[in-house]
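A.B. asks: Pasting a structure here, questions to come.
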Amino acid sequence: MAKKPEKLWQTPADDALRWVRGTDLDALDESATPGWAGKRRDGEELMASRAPELADLQERLFAHGRTGGDRSVLLVLQGLDTAGKGGIVRHVVGMVDPQGVQHTGFGVPTEEEKEHGYLWRIRNALPRPGYLGVFDRSHHEQVLVVRVNRLEPQKTWRKHYRELNEFEAEVAASGTLIVKVALFVSAEEQKERLAERLERPDKHWKYDPGDIDVRSKLPQYIAAYQEMLDRTSTDVAPWYVVPANRKWYARLAVTELLTGALRSLELGWPPADFDVETEKARLAAS
1 MAKKPEKLWQ
11 TPADDALRWV
21 RGTDLDALDE
31 SATPGWAGKR
41 RDGEELMASR
51 APELADLQER
61 LFAHGRTGGD
71 RSVLLVLQGL
81 DTAGKGGIVR
91 HVVGMVDPQG
101 VQHTGFGVPT
111 EEEKEHGYLW
121 RIRNALPRPG
131 YLGVFDRSHH
141 EQVLVVRVNR
151 LEPQKTWRKH
161 YRELNEFEAE
171 VAASGTLIVK
181 VALFVSAEEQ
191 KERLAERLER
201 PDKHWKYDPG
211 DIDVRSKLPQ
221 YIAAYQEMLD
231 RTSTDVAPWY
241 VVPANRKWYA
251 RLAVTELLTG
261 ALRSLELGWP
271 PADFDVETEK
281 ARLAAS
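UniProt numbering numbers the first residue of the sequence shown as 1 and each following residue consecutively.
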């Protein structure tokens, strides 16, 4: 008898993907499927079966926020272009009710944002109680892009590791559960995905000539990611490293991480603040 898809996780996704300080990021196999013993078909079947539960858990969170609760969830998606962040948003976050989602993409800071500290725009985008917040890139760009492109002196950006940890500890203490996902594709896979964007007119809008410049700095980015993971993966805001050459696996992995995070909140449905039987009688008589 074939195993049920969920049984094909030999190691739970959160254990298989949680970053262990000192792991050599350079040795990551971007085509691997950590913890998963099934095939693509099995993964897609499991992901589809998770949709009702994920939607239910997110609705409970939304109801919790609408009735005075203080919990929220923040999904941070970090990765270079073509890593699949947009696909995660469409295929994973797309399984829940959009009215309970706050999605923010962080690009080059605007002139207004530059007038404030780098965490100002992050604070403004944090999910309100009851919401699932999604960050496409995040405050960690301050030790990635800023570092690699030398936008600040080393003595300045090195201070940000402590600031990032303190900030996330504050956010977690306020009731927000943080799930940080770093997506990685190989240089070869990235090249193929960029080539596809150039070949397809419907993908030209996604192509940025600057992506070629980023490719020339991949070793520097890997070094920056290595230190970021080592120094900002904490108990209250751990990093999960997801090999993303196989899009189906990356989406399945994030589905499992997000489902597990929402389950851990153990939220029930808010009790009625009115007498149900009385309202039934009133409705019947109306």
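Glycine is no exception: its CB is placed at the ideal position from the N, C-alpha and C atoms.
Would you mind giving the Cβ-Cβ distance between V254 and V92, rounded to the nearest angstrom? I have them listed as a contact below 8 angstroms.
C.D. replies: Residue 254 sits at position 254 when you count from the first residue of the sequence shown. Residue 92 sits at position 92 when you count from the first residue of the sequence shown. The pair is a contact, with the Cβ atoms about 5 angstroms apart (cut-off 8 angstroms).
A.B. asks: In this structure, how does DSSP classify L8 when only helix, strand and coil are distinguished?
C.D. replies: The residue labelled residue 8 in the question sits at position 8 within the sequence shown. Helix.
A.B. asks: Does the segment 50-58 come close enough to the segment 154-171 that 3 or more CB-CB pairs lie under 8 angstroms?
C.D. replies: No: fewer than three Cβ pairs fall under 8 angstroms.
A.B. asks: Please identify the residue among G79, P153, Y225, S138 whose C-alpha is closest to the C-alpha of D211.
C.D. replies: Taking the first residue of the sequence shown as position 1, residue 211 is located at position 211. Out of G79, P153, Y225, S138, G79 has the C-alpha closest to the C-alpha of D211.
A.B. asks: If I follow the unbroken alpha helix (DSSP H) through D26, where does it start and stop?
C.D. replies: Counted from its first residue, the sequence shown places residue 26 at position 26. Element bounds for D26: n/a, residue is neither H nor E.
A.B. asks: Could you give the first and the last residue of the continuous alpha helix (DSSP H) run that contains Q190?
C.D. replies: Numbered from 1 along the sequence shown, position 190 holds the residue referred to as residue 190. Taken as a continuous stretch (DSSP letters only), the alpha helix (DSSP H) holding Q190 covers 187-199.
A.B. asks: Pick out the complete alpha helix (DSSP H) segments inside the segment 92-124, 4 residues or longer, and give them in chain order.
C.D. replies: Taking only runs of at least 4 residues, the alpha helix (DSSP H) segments lying wholly in the segment 92-124 are 111-114.
A.B. asks: Looking at chain B, is there any beta carbon in it that lies within less than 7 angstroms of the beta carbon of G35?
C.D. replies: The chain inventory of the structure shown lacks chain B, comprising one protein chain alone.
A.B. asks: Among residues of its own chain, excluding the 5 on either side of R71, which ones have a beta-carbon nearer than 8 angstroms to its beta-carbon?
C.D. replies: Sequence index remark: in the sequence shown, residue 71 carries index 71 (1-based). Counting only Cβ-Cβ distances below 8 angstroms, and skipping sequence neighbours, we find L61, H64, G65, P129, G130, G175, T176, L177, L265, L267.
A.B. asks: Flag this pair as yes or no: are the beta carbons of residue 312 and V185 separated by less than 7 angstroms?
C.D. replies: The chain is shown only over 1 to 286; residue 312 falls outside these bounds and no answer can be derived.
A.B. asks: Whose C-alpha, out of D275, D230, P271, is nearest the C-alpha of D24?
C.D. replies: Numbered from its first residue, the sequence shown carries residue 24 at position 24. Of the candidates D275, D230, P271, the one whose C-alpha sits nearest the C-alpha of D24 is D230.
A.B. asks: Hey, out of E192, L144, T259, V134, whose CA is closest to A224's CA?
C.D. replies: Your numbering for residue 224 matches position 224 in the sequence shown. Comparing Cα positions, the closest option is L144.
A.B. asks: Quick one: measure Cβ to Cβ for P243 and E30, integer angstroms, because I've assumed they're closer than 8 angstroms.
C.D. replies: Position 243 of the sequence shown, counting from 1, holds the residue named residue 243. Position 30 of the sequence shown, counting from 1, holds the residue named residue 30. Indeed they touch by this definition, with Cβ atoms about 5 angstroms apart.
A.B. asks: Just grab the DSSP bridge partners of Y240 for me.
C.D. replies: In the sequence shown, counting from the first residue as 1, residue 240 sits at position 240. The partner list for Y240 (beta bridge, DSSP) reads R18, V181.
A.B. asks: Within its chain, find whatever has a CB closer than 8 angstroms to the CB of E196; leave out the 5 residues flanking it on each side and keep chain order.
C.D. replies: Within the sequence shown, numbered from 1, the residue matching residue 196 stands at position 196. Taken in chain order, the residues that qualify are K203.
A.B. asks: Just confirm the distance between the C-beta atoms of V73 and A169, as a whole number of angstroms; I'd bet it's less than 8 angstroms.
C.D. replies: Numbered from its first residue, the sequence shown carries residue 73 at position 73. Numbered from its first residue, the sequence shown carries residue 169 at position 169. That belief does not hold up - the Cβ atoms of V73 and A169 are roughly 16 angstroms apart, past 8 angstroms.
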